[in-house]
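Data block below; observations after.
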Amino acid sequence: AQTVTQSQPEMSVQEAETVTLSCTYDTSESDYYLFWYKQPPSRQMILVIRQEAYKQQNATENRFSVNFQKAAKSFSLKISDSQLGDAAMYFCAFRRDFGNEKLTFGTGTRLTIIP
Amino acid sequence: DTGVSQDPRHKITKRGQNVTFRCDPISEHNRLYWYRQTLGQGPEFLTYFQNEAQLEKSRLLSDRFSAERPKGSFSTLEIQRTEQGDSAMYLCLSDRSSSYNEQFFGPGTRLTVL
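Here the protein sequences line up with chains U and S, keeping their order. Sequence positions in the first sequence follow our numbering and run 1 to 115. Sequence positions in the second sequence follow our numbering and run 1001 to 1114.
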């Protein structure tokens, strides 16, 4: 079974600064996907960024980028130029590459943006 | 708005009552998942449909829970004889198997059992 660990229950960052959210996972699979999801207060969960395990290049989506370390089973999210709208719960998730591709989530990190 | 809808958005019920939730996924998506999220936790997998076939159920899904996806379109999740421990947000995920970029959550149904 896969497990996902987010060791930072809460983080805060000054507006316009950079913040990094940590995530580690445990799996015996070699082919899988990793995701970061954002869940704003009382709003829908949306996909922020995804990483295929077979790709060495770290994924980037505008101000969001990841640092994927496959050997260390680490998958951190960096948010640059933080904006007030980035305030949310952020969940790291794992999904294997075959069969029932259910998502396994971490417990989340609550990100606060300080104006 | 992700295009996935869930109804109702909120449900308050008394212990022992039955409740039913509905999820309408994106029409061309053949995979549908139900998750449960309790306060301060990440979502937990409940069950999975590919078209109309229910292919996996979590151990979290006791015999009081049943889910259907008739004709591979909308899905319903029913909880019988609700308990206070069933209070949670129930999330639906709509997914197209050919593309991992197309995963969309619905807004969820928040269930409160008194």
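Backbone N, C-alpha and C fix where the C-beta goes; we use that ideal spot for every residue, glycine too.
When rounded, the separation of the alpha-carbon atoms in S:Thr1020 and U:Ile46 is 25 Å. Nearest to S:Thr1109 by alpha-carbon distance, out of S:Tyr1035, S:Thr1002, S:Phe1065, is S:Tyr1035. Under the DSSP assignment, S:His1029 falls outside any beta strand (DSSP E); it carries neither an H nor an E label. Using a CB distance cut-off of 8 Å, U:Gln56 does not count as an interface residue toward chain S. A distance below 6 Å between beta-carbons, with the five flanking residues on each side excluded, links U:Gln2 to the following residues of its chain, in chain order: Thr27, Phe94, Thr104.
DSSP assignment within the segment 1047-1094 of chain S yields the following whole beta strand (DSSP E) runs of 3 residues or more, N-terminal first: 1053-1057, 1065-1068, 1075-1079.
For the pair U:Thr107 and S:Gly1042, the CB atoms are nearer than the 8 Å cut-off. Scanning S:Ser1062, S:Gln1006, S:Arg1081, S:Gly1040 for the CA closest to the CA of S:Leu1032 turns up S:Gln1006.
Cβ-Cβ distances below 7 Å link S:Gly1003 to Ile1026, Phe1104 in the same chain, with the five nearest sequence neighbours on each side left out; the list follows chain order. Under the 8 Å criterion on CB atoms, U:Met11 is classed as non-interfacial with respect to chain S. Neighbours of S:Gly1085 in chain U, taken as residues whose beta carbon is under 8 Å from its own, are absent, since the nearest beta carbon is some 18 Å off. Using a Cβ-Cβ cut-off of 8 Å, S:Gly1072 does not count as an interface residue toward chain U, since no Cβ of chain U sits closer than that to its own. Straight across, the Cα-Cα distance linking U:Ser22 with U:Glu61 is about 17 Å. At the C-beta level, U:Phe91 and U:Gln39 come within 8 Å of one another. The way I'd put it, the segment 1055-1070 of chain S doesn't touch the segment 1007-1015 of chain S; fewer than three beta-carbon pairs between them come closer than 8 Å. Think of a sphere of 7 Å around the beta carbon of S:Thr1109: no beta carbon from chain U falls inside it, the nearest being about 12 Å out. Distance from the CA of U:Gln14 to the CA of U:Leu111, rounded to the nearest whole angstrom, comes to 11 Å. The beta carbon of S:Tyr1090 does not come within 8 Å of any beta carbon belonging to chain U, so the residue lies off that interface. U:Ala59 is classed as buried because its beta carbon has at least 16 other beta carbons within 10 Å across all chains shown. Around the beta-carbon of U:Tyr54, fewer than 16 other beta-carbon atoms lie within 10 Å, marking it exposed. Around U:Thr107, the beta-carbon contacts reaching into chain S at under 8 Å are Gly1040, Gln1041, Gly1042.
If only uninterrupted beta strand (DSSP E) runs of at least 3 residues are considered, those enclosed by the segment 29-66 of chain U are 32-39, 46-52. By the criterion of a C-beta distance shorter than 8 Å, S:Leu1060 is surrounded in its chain by Arg1036, Glu1044, Phe1045, Leu1046, once the five residues flanking it on both sides are discounted.
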